[in-house]
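Respectively, the protein sequence lines represent chains A and B.
The first sequence begins at 1031 in the numbering used here and counts up one residue at a time.
The second sequence begins at 1031 in the numbering used here and counts up one residue at a time.
Okay, structure first, notes after.
Number of protein chains: 2
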Amino acid sequence: MASPGKVYLIGAGPGAQDLITLRGARLLAQADVVLYDALVTPEMLQLCPQAEKVLAGKRSGQRSLAQQIINEMLVDYAHKAQLVVRLKGGDPMMFGRADEELRALEAAGIDVEIVPGITTALAAAAATRQPLTKRGIARSVAFFTSSTAPEHSDHDAIPETDTLVQYMGGREAIATAERLLAHGHAPDKPVVVIENVSRADQRIHRMTIADLTQGLGTPQGPVLVMIGEAMRPRPQQHVDTAISNTIAAQLRA
Amino acid sequence: MASPGKVYLIGAGPGAQDLITLRGARLLAQADVVLYDALVTPEMLQLCPQAEKVLAGKRSGQRSLAQQIINEMLVDYAHKAQLVVRLKGGDPMMFGRADEELRALEAAGIDVEIVPGITTALAAAAATRQPLTKRGIARSVAFFTSSTAPEHSDHDAIPETDTLVQYMGGREAIATAERLLAHGHAPDKPVVVIENVSRADQRIHRMTIADLTQGLGTPQGPVLVMIGEAMRPRPQQHVDTAISNTIAAQLRA
């Protein structure tokens, strides 16, 4: 029996086709099989016309494959093909379930290499022109997500850093805002919410923590919530979206 | 007088030539001028053979330009050239002094666009195969740096997240380790130190917080310190560097 292939865990970045790395694009163009998650955009899959493309994705609120099934698919494909790509939105090593997939592949003796991707927070910082760190203002940044699992329901998920970035924060917005206020953050502290960053339907909303307590409705795409003094626009910054006080209505529109 | 050019603030990523984005590489190939910082590698500059290349860098312990001078250079070049790239190691929006440069360019009425880069922490997670988040183990990550400036000397710079990543942490290692212990982190909590990530001279050192109290000597390249349970190797993980208990000696060698 032939020796198994190699699996590359590749970060696709936020969605725009040209925000993947050169290394990621080269491997996609050589892949026999690409197992992609639900956050990977159709334009990204145009980089691997030769490959067998398989949706192996998890996404809240939609029908999705259990992680265990995805792990088994990865091992199975590695036994059938030489170059297997596991393509994930953002970066695989932050909020990407890489641990589970690495364990499964290592247990099966399959060689794995990881190619980093642009994580959503940095694409959002670029798109909104708001640096996450600022001299004298913000020297630390935390990336977090909230879990709605019962075992975490009393977990206080607000880190104590100068800038805060919540991944997948759309549905949790009210709870996040209330926890921020309970932690003593000022109601007028600036917040930037970005939906579908880097894509054609990207939307940027500027508000405050007080506004965030009104919630964000039911956004259609992935939502990132950035909080902190570093989110305050600069005096001569061109802010290319309307400053919105009726956020929920806008996001529902 | 001709209208000024456009400035692109581009993240070069950690150093390997193929870890820049497709967008970044395309703009480099079109640039008239590239102002690069001290962390940009020579192989990255091979992507812009046509451009005038100008070192405009700051690096601790070496002769470097003041930020004010760099800001003025950016504005000056934008008045002389159509496509100016400001190329920075890692990502420009995290620990990249983007705020100062954006303010200067905006004050001069110059159009700016930002292209994100792979930040060092995510390249390090990929190179060491240690995800920064793990289900049930690590749901939050902080990126921070310590300042040795007097006004920060009593600032407690250890965020309260599951995983901690200290940028430019080489010289601060002993102070960081002592602060971690004072915060109640266990002495045997795993630490991964990575020097020159993604480059030919990349070095990975696995240790504990107790080891870190011995310091890291005087590393030659940029050093990232990653701390937390997420840094513990998996049972069947192939750890491709020796586990070192004589770290300072190794880094000095």
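Just so it is clear, CB atoms sit at the ideal spot from N, CA and C, and this is done for glycine as well.
From a predicted model like this one, the values you see are computed outputs, not experimental measurements.
Could you tell me whether the Cβ of residue i comes closer than 8 angstroms to any Cβ of chain A?
| i | result |
| --- | --- |
| Pro1287 (chain B) | Nothing can be reported for residue 1287 (chain B): it is not among the residues displayed for chain B, which extend from 1031 to 1283. |
| Arg1056 (chain B) | yes |
| Lys1219 (chain B) | no |
| Leu1132 (chain B) | yes |
| Leu1065 (chain B) | no |
| Ala1232 (chain B) | According to the sequence provided, residue 1232 (chain B) is Gln. The question's Ala does not apply to it. It does not: the Cβ of Gln1232 (chain B) has no partner Cβ on chain A nearer than 8 angstroms. |
| Glu1073 (chain B) | no |
| Glu1202 (chain B) | no |
Can you give me the C-alpha to C-alpha distance between residue i and residue j, rounded to a whole angstrom?
| i | j | result |
| --- | --- | --- |
| Gly1126 (chain B) | Val1064 (chain A) | 34 angstroms |
| Leu1039 (chain B) | His1109 (chain A) | 43 angstroms |
| Gly1199 (chain A) | Gln1232 (chain A) | 16 angstroms |
| Val1115 (chain B) | Ala1081 (chain A) | 35 angstroms |
| Ala1153 (chain A) | Pro1044 (chain A) | 7 angstroms |
| Asp1184 (chain B) | Gln1244 (chain B) | A caution first: Asp1184 (chain B) carries a pLDDT of 44, below 50, which makes its placement in the model unreliable, though a value can still be read off. Answer to the nearest angstrom: the Cα atoms are 22 angstroms apart. |
| Ala1207 (chain A) | Ala1172 (chain B) | 20 angstroms |
| Arg1053 (chain A) | Ile1144 (chain A) | 10 angstroms |
| Gly1087 (chain B) | Gln1060 (chain A) | 37 angstroms |
| Gln1267 (chain B) | Asp1218 (chain B) | 19 angstroms |
| Ser1176 (chain A) | Glu1130 (chain A) | 19 angstroms |
| Leu1132 (chain B) | Ser1170 (chain B) | 29 angstroms |
| Ala1203 (chain A) | Leu1242 (chain A) | 6 angstroms |
| Gln1250 (chain A) | Leu1069 (chain A) | 12 angstroms |
| Leu1113 (chain B) | Leu1104 (chain B) | 11 angstroms |
| Ala1155 (chain B) | Pro1161 (chain B) | 6 angstroms |
| Lys1083 (chain B) | Tyr1066 (chain B) | 7 angstroms |
| Gly1139 (chain B) | Val1227 (chain A) | 26 angstroms |
| Lys1036 (chain A) | Glu1136 (chain A) | 11 angstroms |
| Ala1098 (chain A) | Met1124 (chain A) | The sequence shown places Gln at residue 1098 (chain A), not Ala. Their backbone Cα atoms lie some 19 angstroms apart in a straight line. |
| Asp1048 (chain B) | Thr1051 (chain A) | 7 angstroms |
| Lys1118 (chain A) | Ala1205 (chain B) | 37 angstroms |
| Pro1072 (chain B) | Ala1216 (chain A) | 46 angstroms |
| Pro1263 (chain A) | Asn1101 (chain B) | 19 angstroms |
| Leu1057 (chain A) | Leu1077 (chain A) | 9 angstroms |
Can you tell me the Cβ-Cβ gap for residue i and residue j, rounded? I've got them flagged as a contact below 8 angstroms.
| i | j | result |
| --- | --- | --- |
| Arg1236 (chain A) | Val1222 (chain A) | 6 angstroms |
| Ala1055 (chain A) | Thr1163 (chain A) | The pair is not a contact, with the Cβ atoms about 29 angstroms apart (cut-off 8 angstroms). |
| Gly1247 (chain B) | Pro1122 (chain B) | Not a contact, Cβ separation roughly 29 angstroms. |
| His1213 (chain B) | Ile1188 (chain B) | 5 angstroms |
| Ile1167 (chain B) | Asp1192 (chain B) | 7 angstroms |
| Leu1194 (chain B) | Ile1257 (chain B) | 4 angstroms |
| Thr1149 (chain B) | Gly1120 (chain B) | 5 angstroms |
| Ala1046 (chain A) | Arg1229 (chain A) | 7 angstroms |
Exposed or buried, what is residue i when buried is set at 16 or more other beta-carbons lying within 10 Å of its beta-carbon?
| i | result |
| --- | --- |
| Ser1033 (chain B) | exposed |
| Arg1165 (chain B) | exposed |
| Ala1096 (chain B) | exposed |
| Gln1196 (chain A) | buried |
| Val1253 (chain B) | buried |
| Pro1079 (chain A) | exposed |
| Leu1085 (chain B) | exposed |
| Ala1134 (chain A) | buried |
| Pro1265 (chain A) | exposed |
Using a Cβ-Cβ distance cut-off of 8 angstroms, determine whether residue i contacts chain B.
| i | result |
| --- | --- |
| Thr1051 (chain A) | yes |
| Ile1099 (chain A) | no |
| Met1261 (chain A) | no |
| Glu1136 (chain A) | yes |
| Pro1146 (chain A) | yes |
| Gln1076 (chain A) | no |
| Leu1152 (chain A) | yes |
| Pro1079 (chain A) | no |
| Ala1207 (chain A) | no |
| Ser1183 (chain A) | For Ser1183 (chain A), the predicted structure reports a pLDDT of 44, less than 50, and the residue's modelled location is therefore unreliable. A value from the coordinates is still provided. Chain B contact via Cβ: absent. |
| Asp1121 (chain A) | yes |
| Gln1267 (chain A) | yes |
Looking at the strands, I want to know which residues DSSP matches up with residue i.
| i | result |
| --- | --- |
| Lys1083 (chain B) | B:Val1064 |
| Gln1196 (chain A) | A:Phe1174 and A:Val1255 |
| Pro1220 (chain A) | A:Thr1238 |
| Lys1118 (chain A) | A:Gly1041 |
| Glu1225 (chain B) | B:Arg1233 and B:Val1253 |
| Ile1100 (chain B) | Answer is none; Ile1100 (chain B) lacks a bridge partner. |
| Ile1144 (chain A) | A:Leu1039 |
Can you pull the chain E residues whose beta carbon is under 8 angstroms from the beta carbon of residue i, in chain order?
| i | result |
| --- | --- |
| Val1171 (chain B) | The structure shown has no chain E; the protein chains it does contain are A and B. |
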